[in-house]
Amino acid sequence: MTTTTAPPRAAQRRLDRLERIWEEPSGLVGWLTTVDHKRIGILYFFTSLAFFVAGGIEALLIRTQLLGPNGTVVSPELYNQLMTMHGVTMIFLAVIPMQIGAFGNYLLPLMIGARDMAFPRLNAFSYWVFLVSGIFIYTSMAVGAAPNAGWFDYVPLGSRQFSPGPGIDFYTLGLIFTGISTTASAINFIVTIFKLRAPGMSLNRMPLFCYAILAVSFALVFALPSLSTALIFLELDRALGMHFFDVGFGGDPVMWQHLFWFFGHPEVYIIILPAFGIATAIIPTFAERKMVAFALVALAEILVAFIGFGVWAHHMFTVGLPTVSQTYFAAASMMVVIPSAIQLFAWITTIATGKPRFETPLLFIIGFIVLFMIGGLTGVMTAAIPFDQQAHDTYFIVAHFHYVIFGAAVFPVLGGIYYWFPKVTGRMYNERVGKVSFWVTFAGMNLTFFPMHIVGLLGMPRRVYSYPGDVGWSTLNLIETLGAYLLAAGLLTIVANLLVSYRRGARAGNDPFGGDTLEWSVSSPPPSYNFPVIPKVSSPYAMWDRKDREDDEQRLAEGELVLEEGHETPSSTVLDADWDEILDMPSKSWAPVVLAVVLGLVFAMMLLQHYVTALGFAALAGLVLAAWNWKEPQVA
Amino acid sequence: MSVGRAVAGRPADPRRGRWRRVAPLASAVLVALLAGCGPLSPLDPQSEPARRISVLWWVMLAVAGVVFAGACVMLVAGWIRRREWGLPVLGERPRLLDGSVVAFGIVIPVITLVALFAWANVGIVQETDSPPPDAGMKIEVTGSQWWWQVRYPGTPAVTANEIHIPARTPVTIVTEAEDVIHSFWIPRLNRKVDSLPGHANRVELFAERPGVYRGSCAEFCGQQHARMGVSVRADPPERFRAWLASMSAPRPAPATPLARRGEQVFMSKQCASCHTIRGTPARGEVGPDLTHLKTRATLAALTIPNRRGYLAGWVVDPQAVKEGAKMPALDLTGPELQALLEYLESLR
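Just so you know, the protein sequences line up as chains G and W, in that order.
Going by my numbering, the first sequence opens with residue 626, and the numbers climb by one from there.
Going by my numbering, the second sequence opens with residue 1494, and the numbers climb by one from there.
Written as structure tokens, this is what we have:
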């Protein structure tokens, strides 16, 4: 834990100069034109949090409808819209933007010793497209025409013939639109990780969180085109009368499933990989030891993403594919277990052989480990084809994926929110309330989702707006609904804790937990320029290398590696992070938000099938893009 | 900062110990809850394929339980030993730890998974795989939004939602969809197969004893996916043959004047444009065949019982029973409804 001593006068002058160069204006204009990765991370945080709340309300309505048999809280049509929007919201608008947009954006440059992402304006653009596309999708709900064919929208149900209204068009166009945001983010992360690491941070000295972001970014770049293809084909069928999925014209509805799940399965690893990264950041800090088998864990994170591309048809074991194909996919699905098993064992061993401090962030990670084990084990069971052919499309699967999504992605997010709250806000949260919030959330989560395993094995199918009273499902559904309310209470406790702590929490220093990564070397919150001196890095646990951190202070005093001539950050070579060149970074810009809004208009026109107007707006977008690229990034 | 201080010799947090004692009791309760519970449970198998899958499940659960318990033991050990570095007795041993990650993260999982793969995906899958196209007795089941048409090839027999089969006889269900993707599933007899438009899937049903086996559509197919039940009734072979013979016959001629009036109402009120009643001009293909409607136990795909009052409600206001159903509400007078009911109830 560092103490901050007042820097000598020369150093203070340098800090002031850096401040003047990097500081962005406050107020609405400042936020609309921001290119600071920290501000963008905060914008992502609150926006994805808002969508998480929306998805949570949808979930509570679903659970309330299923409280008892033959429920009448909502109509069948509204229920089907709710369950579709719940899936779409949670996956595309909440969990992924939260992890990649909020955590990834805020932390990655700090962890690699950089002053911003490689493409700061592209970063801002990603956020604004995310916001506008989310609004686009939710406009469907405002006009009473939300998509209602499930988050994977199988055809022919999703075709114009069986879903004649605009709901599915909101789905197809909205997700293509959101995909632009995510693809841009992924590209930004890859380039940042490869080129902007502080000189000396060779790839084997990069923190594990960054490995997770690298893996997830590659997965996104390769998976999203498959989804976009499927969505474009579907929209062409729906709007222009083509027949990609139309059996009568030689099309194939099963092709939708292949295209969708080729994306959809890597998507679930995309959901979970950043959470692995958060866990690997929290565990060493609270276990007070380095990660066991660091290299194996880093490799495993990459392998999960890679092998995850080969398993997609395990979502299709009941479609009637040839046996030999199914056997291949089942084998691949079992192979993908191995990297997860490696990581689980390494995490548990690290905790067990360290001196773990069971404080709130670590409690959430231990909860994550327990829940991920359960979700992972039920996942292994579904790789047994005959068992899957009974469990598929029942609540057993709903239980499985909520354990891996909520348990294994959201729990680390909650732990990470607590962990980095002091860094972002400069205040400490309340530890006792934190522990209470963990236990209530953990209890609520299990109470909601564990009985789903049972009720699924009692034959309850998924996506049913009600169920009969004579089949033995009623009591379990009641428990699940009560659990959902308890879970909501736990989550609200977290929010309340953080809201109150934001105002009245004790001031946090640079490093309240004894963290191992570089974000803990700067103030809480970090200065606009992140690092006064580009840090020297000798290991993946840069904060624990005290000599290097003391050398940084020496260099500030001597003016070495401060890079104060403008918006400057160094770039380095890909593998060994030798000095490459000094980059000039852009300052605030209107182009990202304007371009995002114009693109929103393009998609809105396509939804309304005013294609000529859409083309007009696309031309306008081209002009904005030209304006964006007109000049090199300016020195402040 | 941490919860509960350790006192020499006693674990600091009694809650954890209590939880571990509760776990075996909880699992016993769960097993009791599950055993033989409910008419739609794949864990109440009534045929060999379903039984083998059920056994597979219990073994997987047991192995998963062992793995999970092992991990929990390690976490609890981490709690108990949180003031000491490294392994018990052995202390700090990085190479040993790396080796244990390889052993428990790679070697043991690979062995377990290969065993599971061999048993389930090479062994059991041969039992549950689709029967060959030329196997024995076939029944064609076509999924529509939101009901199942049931045909017996080689006979004129057509019915809906309630399939009869001979007990102790292998029967191949050949299923396709009329519109969107559905999925045919009788959990206690075998796994599910999707009903696709334009591509037939097959699943074998072999009921070891006579009885009724409930199922449901198992692929989201639109507004009333939740109300698309299906059932299989297995009868002794002679009873089945008698049933099939009566189902193959045209409708029994209406015997009373009221029933004859009812048939006129049926023909004049658009019913014939969607429904078939063999032996009459009604040849509609949109909705279920009604030739022997009264032999069915339920209406609207197992949504309501097939009794006079329910039938009346269904015919007069289908949207109240199954919102979104393709059947329009008919504008019937009281006497017309009474006649129609008399007629429909005569269709044995």
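Every residue, glycine too, gets a C-beta built ideally from N, C-alpha and C.
If you're wondering where the values come from, they're calculated on a predicted model, not measured in any experiment.
task = Kindly confirm or deny that the region 744 to 757 of chain G and the region 842 to 851 of chain G touch, where touching means at least three C-beta pairs closer than 8 Å.
result = no
Partners in chain G for Asp1591 of chain W, counting only beta-carbon separations shorter than 8 Å = Listed by position along chain G, the residues whose Cβ is nearer than 8 Å to that of Asp1591 of chain W are Val917, Ala918 and Leu921.
ask   = Would you report the Cα separation of Leu1833 of chain W and Val1725 of chain W, rounded to the nearest angstrom?
value = If you take the alpha carbons of Leu1833 of chain W and Val1725 of chain W, they lie about 28 Å apart.
query = On the premise that Lys1787 of chain W lies in contact with Arg1841 of chain W, defined as a C-beta separation below 8 Å, what is that separation, rounded to the nearest angstrom?
reply = 5 Å
ask   = Roughly how many whole angstroms lie between the Cα atoms of Leu832 of chain G and Ala809 of chain G?
value = Here the sequence assigns Pro to residue 832 of chain G, which means Leu is not the residue at that position. The straight-line gap separating the alpha-carbon atoms of Pro832 of chain G and Ala809 of chain G is approximately 23 Å.
inquiry  = If distances are taken between C-alpha atoms only, which option among G:Ala635, G:Gly1041, G:Gly1032 and G:Leu1083 comes closest to Phe601 of chain G?
reply    = Nothing about residue 601 of chain G can be reported from this structure: the residues present for chain G run from 626 to 1261 only.
inquiry  = Give me the residue from G:Gly1059, G:Ser1149 and G:Phe970 with the minimum Cα distance to Gly1051 of chain G.
reply    = G:Ser1149
key: Contacting positions in the region 937 to 958 of chain G - beta carbon closer than 7 Å to chain W   = Under the 7 Å Cβ criterion, the region 937 to 958 of chain G contributes Thr943, Val944, Gly945, Thr948, Thr952, Ala955 and Ala956.
query = For chain W, is any of its Cβ atoms less than 7 Å away from the one on Ile687 of chain G?
reply = For Ile687 of chain G, the closest Cβ of chain W is not nearer than 7 Å.
inquiry  = Let me see if you follow: with CB-CB separation under 7 Å, is Ala966 of chain G close to chain W or not?
reply    = yes
key: C-alpha distance - Tyr1043 of chain G paired with Met959 of chain G, whole-angstrom precision   = A direct Cα-Cα distance of roughly 34 Å separates Tyr1043 of chain G from Met959 of chain G.
inquiry  = If the criterion is Cβ atoms closer than 7 Å, does the pair Tyr1028 of chain G and Met1085 of chain G meet it?
reply    = no
request  = Below 8 Å CB to CB, which residues in the same chain sit around Trp1215 of chain G once its five sequence neighbours on both sides are set aside?
outcome  = Spatial neighbours of Trp1215 of chain G in its own chain (CB-CB distance under 8 Å, excluding positions within 5 residues in sequence) are listed in chain order as Leu657 and Thr658.
query = With burial defined as no fewer than 16 other Cβ atoms inside 10 Å of the residue's Cβ, what is the status of Phe874 of chain G: buried or exposed?
reply = exposed
request  = For Leu1837 of chain W, count neighbouring Cβ atoms within 10 angstroms of its own Cβ and tell me buried if that reaches 16, exposed if not.
outcome  = Its Cβ being crowded by 16 or more others within 10 Å, Leu1837 of chain W is buried.
ask   = Name the residues in the region 1683 to 1717 of chain W whose C-beta lies less than 7 Å from a C-beta of chain G; which are they?
value = Arg1684, Lys1685, Val1686, Asp1687, Leu1689, Pro1690, Gly1691, His1692, Asn1694, Ser1709, Ala1711, Glu1712, Phe1713, Cys1714, Gly1715, Gln1716 and Gln1717
inquiry  = Considering just the uninterrupted stretch of the beta strand (DSSP E) at Ala1653 of chain W, what are its terminal residues?
reply    = Val1651 to Ala1653
key: the region 1597 to 1615 of chain W: positions lying closer than 9 Å to chain G by Cβ   = Phe1597, Gly1598, Ile1599, Ile1601, Pro1602, Val1603, Thr1605, Leu1606, Val1607, Leu1609, Phe1610, Trp1612, Ala1613, Asn1614 and Val1615
message = Any C-beta of chain W within less than 8 Å: which residues of the region 984 to 1003 of chain G qualify?
response = Glu984, Ile991, Ile994, Val995, Met998, Ile999, Leu1002 and Thr1003
query = Taking the C-alpha atoms as reference points, what is the distance between Asp1177 of chain G and Thr1194 of chain G?
reply = 16 Å
query = In terms of residue numbering, what span does the beta strand (DSSP E) encompassing Phe1677 of chain W cover?
reply = His1675 to Trp1678
inquiry  = Please return the same chain residues whose Cβ sits closer than 7 Å to the Cβ of Trp1169 of chain G, not counting the five positions on each side in sequence.
reply    = Asp1141
ask   = Where Arg664 of chain G and Tyr731 of chain G are concerned, what is the direct C-alpha to C-alpha distance, given to the nearest angstrom?
value = Taking the straight line joining both Cα atoms gives about 8 Å.
message = Please state the DSSP three-state secondary structure of Arg1514 of chain W.
response = At Arg1514 of chain W, the pLDDT of 46 sits below 50, so the modelled position is not reliable and the matter cannot be decided from this model.
key: Same chain, Cβ closer than 6 Å to His939 of chain G, five either side skipped, listed in chain order   = Phe954 and Ser958
message = Please tell me whether Ser1099 of chain G has its Cβ less than 7 Å away from any Cβ of chain W.
response = no
query = Quick check: the region 915 to 929 of chain G against the region 963 to 974 of chain G, are there 3 or more CB pairs under 8 Å?
reply = yes
request  = Pull up the DSSP beta-bridge partners for Ala1670 of chain W, would you.
outcome  = W:Gly1636
query = With a cut-off of 7 Å, does the C-beta of Val660 of chain G fall near any C-beta of chain W?
reply = no
message = Please state the DSSP three-state secondary structure of Glu1193 of chain G.
response = strand
ask   = Exposed or buried, what is Ile716 of chain G when buried is set at 16 or more other beta-carbons lying within 10 Å of its beta-carbon?
value = buried
ask   = Do Val1162 of chain G and Met826 of chain G come within 7 Å of each other at the CB atom, strictly closer than that value?
value = Their beta carbons are under 7 Å apart, which means Met826 of chain G touches Val1162 of chain G by this criterion.
task = Under 6 Å Cβ to Cβ from Phe869 of chain G, same chain only, skipping five residues before and after it: list those, please.
result = Only residues of its own chain outside the window of five on either side were considered, and among them Phe858, Asp862 and Gly876 have a CB closer than 6 Å to the CB of Phe869 of chain G, listed in chain order.
task = Consider the Cβ of Thr1662 of chain W: report whether some Cβ of chain G lies at a distance smaller than 7 Å.
result = No - not a single Cβ of chain G is within 7 Å of the one on Thr1662 of chain W.
key: Under 9 Å from the C-beta of Ala1719 of chain W: neighbouring residues of chain G   = Pro701, Tyr704, Pro1086, Arg1088, Val1089, Tyr1090, Ser1091 and Tyr1092
request  = Can you check the region 772 to 832 of chain G for any alpha helix (DSSP H) of at least 4 residues that lies completely inside it and give the ranges in chain order?
outcome  = 792 to 820
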